[in-house]
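Numbering (the numbering used here), first residue to last: 12 to 186.
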């Protein structure tokens, strides 16, 4: 018989939700943040021992890189790679080895989104960030104008399943 304790899968969801709330507070400390929601398997209560934490952050205005880096620092993460000025292949590989695969990265604005991928206490956290007005426009596009764009539909479906961590009244209106 194994001496490993069996842990109910809900435990994986519970502690990840608590960590997500901590990271959400790190973003919400910036007055330019309108809302932060938990998405993915953790939001749905389906987390297992391999699950990452997915957060969506909605900004009032385009965030400066310094704001994004400050949020990560408040969350306890260190940025290793900023893809606005990417490292060469050898430097990237060396960082990857040095960080044992837990490489925290930020990406510049692309296709209506800013992205951050980082680790806090060894936990993989992904952030997709948008302007709040972009989401509001997409809601209007889909609901009022029958827009069939896949990206818009995926974002709205994610919002329907999201758990608000900051800006609950705003999120409730979007949902």
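Each residue gets a CB set at the ideal place from its N, CA and C atoms; glycine is no exception.
Terminal residues of the continuous beta strand (DSSP E) containing residue i?
i, result
"residue 110", "Counting along the chain, residue 110 falls outside any beta strand (DSSP E), and DSSP gives it neither H nor E."
"residue 154", "Taken as a continuous stretch (DSSP letters only), residue 154 belongs to no beta strand (DSSP E), being part of the alpha helix (DSSP H) at 143-156."
"residue 68", "64-70"
"residue 50", "44-50"
Do you know how far the Cα of residue j is from the Cα of residue i?
i, j, result
"residue 60", "residue 29", "15 angstroms"
"residue 111", "residue 157", "46 angstroms"
"residue 180", "residue 46", "9 angstroms"
"residue 178", "residue 101", "42 angstroms"
"residue 34", "residue 129", "11 angstroms"
"residue 174", "residue 119", "26 angstroms"
"residue 192", "residue 107", "Lying before the first or after the last residue shown, residue 192 is absent from the chain, which here runs from 12 to 186."
"residue 21", "residue 57", "7 angstroms"
Please determine, among the options, the residue with the shortest C-alpha to C-alpha distance to residue i.
i, options, result
"residue 42", "32, 54, 79, 162", "79"
"residue 115", "121, 122, 126", "126"
"residue 184", "124, 74, 147", "147"
"residue 182", "143, 73, 104, 31", "143"
"residue 26", "44, 64, 36, 39", "64"
"residue 74", "67, 53, 140", "140"
"residue 71", "99, 44, 149", "44"
"residue 31", "77, 76, 83", "83"
So the alpha helix (DSSP H) residue i belongs to, where does it begin and stop?
i, result
"residue 185", "179-185"
"residue 61", "Note, residue 61: premise wrong, no alpha helix (DSSP H); not H, not E."
"residue 164", "161-172"
"residue 77", "76-86"
Fill in: Segment contact, 8 angstroms Cβ cut-off, at least three pairs: the segment 165-172 with the segment 92-99
No, because fewer than three Cβ pairs between the segment 165-172 and the segment 92-99 fall closer than 8 angstroms, the two stretches do not touch.
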